[in-house]
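Enquirer: In this note's numbering, the protein residues as written are 41 to 191.
Have a look at the structure that comes next, please.
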């Protein structure tokens, strides 16, 4: 489905502030409120907008220990879906990407400290027989992190 300029402008606005009042949004976009309402419902119905979420500061929950793990696995039938799903169930994991190349998965996770990382994550990754090897990087400083898509 093609999105027009108004759809993209609506998406930019609600991506910045999902609680944007409909009348203010209509005024800012110089479009009737009924049109904005219709477009939002349509974008939700067709799956472009999958939900509305609060942006929570991870540091306020002491989730400053960020890890990026590169995982190499043993090949098998449908291994990427099955193993990827199991990795995704590990507490603290917020991103699992099946990739092509020398590695099979990139895993992103957040924890309160090294001990929590070791207990909740590393022990589980190391005990999965399908995983041949992993290499975990600990993030020292976040330069940029944004949940927003560039529209």
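All C-beta atoms in this analysis are idealised placements derived from N, C-alpha and C, irrespective of residue type, glycine included.
Being a predicted model, the structure only gives us computed values, none of them experimental.
Take every Cβ of the stretch 87 to 98, pair it with every Cβ of the stretch 155 to 163, and state whether three or more of those distances are shorter than 8 Å.
Expert: no
Enquirer: Check whether the stretch 102 to 117 and the stretch 141 to 153 are in contact - that is, three or more C-beta pairs closer than 8 Å.
Expert: yes
Enquirer: Please report how far the alpha carbon of residue 54 lies from the alpha carbon of residue 67, in whole angstroms.
Expert: Residue mapping note: residue 54 aligns to position 14 of the chain shown, counting from 1. Residue mapping note: residue 67 aligns to position 27 of the chain shown, counting from 1. Straight-line Cα distance between these residues: approximately 14 Å.
Enquirer: Taking its Cβ as the centre, do 16 or more other Cβ atoms sit within 10 Å of residue 161, making it buried, or is it exposed?
Expert: Here the question's residue 161 lines up with position 121 in the chain shown. By the neighbour-count rule (16 or more Cβ atoms within 10 Å), residue 161 is buried.
Enquirer: For residue 145, which beta-bridge partners are listed by DSSP?
Expert: Walking along the chain shown from the start, residue 145 turns up at place 105. In the DSSP secondary-structure assignment, residue 145 is bridged to 111, 138.
Enquirer: If contact is defined by three or more beta carbon pairs under 8 Å, each pair taking one atom from either stretch, is the stretch 175 to 189 in contact with the stretch 123 to 133?
Expert: no
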